Amino acid sequence: MAAGDLTAALDDFLAAHQAELIEFRRDLHAHPELAHAESRTTGQVVRRLSAAGLRPVTLPKGTGVLADIGDDTDSAAERRVVALRADLDALPMTDAKDVPYRSTVPGACHACGHDVHTTALLGAGLFLASQAAAGLLPGRVRLIFQPAEEASTGALDVVAAGGIASAGRIFALHCDPRLDAGQVGVRSGAITAACDQIRVRLSGPGGHTARPHLTADLVYALGKIITELPAALSRRVDPRSSLSLVWGRVSAGSTPNAIPDAGVVEGTVRCLDDDAWHIAPDLLKELIDSIACGYRVTAELSYRRFVPPTVNDAASTAMLSAAALDVLGAGSVVHTPQSLGGEDFAWYVESVPGALARLGTRVPGSATALDLHQPAFDVDERAIAVGVKVLAATAITALWDDGPLVAQPFPGVTGG
């Protein structure tokens, strides 16, 4: 399909469905669900896809949906599968907006735009299903409605269920209130960071503050860990990797004249480079032990992995950029900076080439925009149609650009 024909088809589709999609998004916004509890949201997606003649499958844990578009018996469908992903879960915070679709669930709010992601993917899926029914889809597209992105575990559940089996590429959009609605931010290479948690526990004999030389001055040693560890990292890792350690909590002792026998400091480790992310735990342990040794305290490191960096494949980024330009027009695609935020889309692109892009949600001309993860966060709902266009056009572009590969259904998933 020529770019002009695709744009016209998308415009016709959205003229008929945009109001429905906005209402769908508002319903999700009013009924947010936290990670691994997205039962109602899952049901809403399943019902709408089923009504369109698709056969959605619920993930084994009961939340999250997979749905394939395109008949694998058709010769044109014997091509690489392109996957499109959205996330379903909300954040544990109270909605501060005064709007008709304000959250009705205490302590839960779609403050990161996942309701928009889900709605845009639903709209793209409905459009692609109509194209497949007309014999115009050059392959198969897999819709992935993923649970638990905020818990950094939902992508792994999808992978374990075979959700990216036979997928040749995968794409996703994430809301960005720094960009106007109608714009898409793209970047080749690392676009988000690894995000891990670190906990260091020091222990020693304790003692009187009058005689620190007869014991181990644990609080002083803890202070050295806090100040020297980030500094040492900056001299042991290539600064271009942006390996960053920031402390968020420290606790030791209960009285001013006693050296405690234990203390704890906790923080986050963020990194834009995949190689540096892989070596970080061993390097941190080495540096912590070397600092602790000089003060006769014992150090225990707990390092909790969350997500690796999201590294966009250059070819996939180019496909998404070209597709967005075709359906949105000149000036719609802009360069986006790297972020030290984490995103579990990273787990997909560890195995499958793909790209994550930024979907502008700011009202054009607005002087201010609330950031993500703020309780009053909201979007210009015209961004939904933009997301539908970009996701649908990217899928079709990738199907045409990639070479043949017989598509296989996703294995190992039960439920419906």
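Each residue of the sequence shown is one higher than the last, beginning at 0 in numbering that gives the first Met the number 0.
C-beta: ideal position from N, C-alpha, C; glycine also.
Remember, predicted model here, so these are calculated numbers, not experimental data.
*Pick from L242, E285, G205 and V80 that is closest to I143, judged by C-alpha positions*: Of the candidates L242, E285, G205 and V80, the one whose C-alpha sits nearest the C-alpha of I143 is V80.
*Three-state secondary structure (DSSP) at T393?*
Looking at T393 - three-state DSSP - the assignment turns out to be helix.
*D10 to L172, Cα distance in whole Å?*
Computed Cα separation, rounded: 20 Å.
*asked:* Alpha carbons only, please: which of A7, T118, A34 and G3 is nearest the one belonging to P91?
replied: When each option's Cα is compared against that of P91, the closest is A34.
_Spatial neighbours of S250 within its chain, please: C-beta separation below 6 Å, excluding the five flanking residues on both sides._
V263, listed in sequence order.
*Given A82 as reference, the closest of Y347, A368 and G359 once Cα atoms are compared*: The residue with the shortest Cα to Cα distance from A82 is Y347.
_Segment contact, 8 Å Cβ cut-off, at least three pairs: the stretch 265-277 with the stretch 234-244_ = As far as the Cβ criterion goes, the stretch 265-277 touches the stretch 234-244, which means the pair count is three or higher.
_Residues of its chain near V341, where Cβ-Cβ distance is below 8 Å and the 5 sequence neighbours each way are ignored_ = First, the amino acid is wrong: residue 341 is Gly here, not Val. Same-chain partners within the cutoff: S151, T191, A192, A193, C194, R269, F305 and V306.
*Where S74 falls: helix, strand or coil (DSSP)*: Bear in mind that a pLDDT of 47 at S74, under 50, signals an unreliable position, so the model cannot answer this.
*Could you pull the start and end residues of the beta strand (DSSP E) that D179 belongs to?*
Boundaries of the beta strand (DSSP E) around D179: A166 to D179.
*Go through its chain and collect everything with a Cβ distance to A51's Cβ below 7 Å, but skip five positions before and after it.*
Same-chain partners within the cutoff: L125 and A128.
*Put E22 into one of helix, strand or coil per three-state DSSP.*
Here E22 carries a helix assignment [DSSP, helix/strand/coil].
*Hey, could you find the ends of the beta strand (DSSP E) V185 is sitting in?*
Note, V185: beta strand (DSSP E), V183 to V185.
*Leaving out five residues before and five after D379 in sequence, what residues of the same chain have Cβ atoms less than 7 Å from its Cβ?*
Excluding sequence neighbours, D379 sits near A180, T360, R361 and V362.
_Boundaries (first-last residue) of the alpha helix (DSSP H) holding T41_ = The continuous alpha helix (DSSP H) containing T41 extends over residues S38 to A50.
*Compute the distance between the beta-carbons of L319 and A345, then report whether it is under 8 Å.*
With contacts defined as CB atoms closer than 8 Å, L319 and A345 fail to qualify as a contacting pair.
_Meets three-Cβ-pair contact criterion under 8 Å: the stretch 100-109 and the stretch 22-39_ = Touching, yes.
*Between which two residues does the alpha helix (DSSP H) carrying R235 extend?*
Residues L217 to R235.
_Would A368 and R177 be called neighbours here (beta carbons separated by less than 8 Å)?_
Taking 8 Å as the Cβ cut-off, A368 and R177 qualify as a contacting pair.
*According to the neighbour-count rule (16 or more other Cβ atoms, all chains shown, within 10 Å of its Cβ), is S365 buried or exposed?*
The Cβ neighbour count for S365, taken over all protein chains shown within 10 Å, is under 16; the residue is labelled exposed.
*On the premise that A85 lies in contact with T117, defined as a C-beta separation below 8 Å, what is that separation, rounded to the nearest angstrom?*
In this structure T117 touches A85 by the C-beta definition: roughly 5 Å separates them, less than 8 Å.
*asked:* According to DSSP, simplified to helix, strand and coil, what is V199?
replied: When secondary structure is reduced to three states using DSSP, V199 falls in the strand class.
*asked:* Taking the straight line between their C-alpha atoms, what separation do you get for T41 and V104?
replied: Between the C-alpha atoms of T41 and V104 there is a straight-line separation of about 17 Å.
_Cβ-Cβ separation, V389 to V326 (assumed contact under 8 Å), whole Å_ = The Cβ separation is near 7 Å, so the contact holds.
*How many whole angstroms separate the CB atoms of A323 and A392, which I take to be in contact at a CB cut-off of 8 Å?*
Yes, they are in contact, since the Cβ atoms of A323 and A392 sit about 7 Å apart, within 8 Å.
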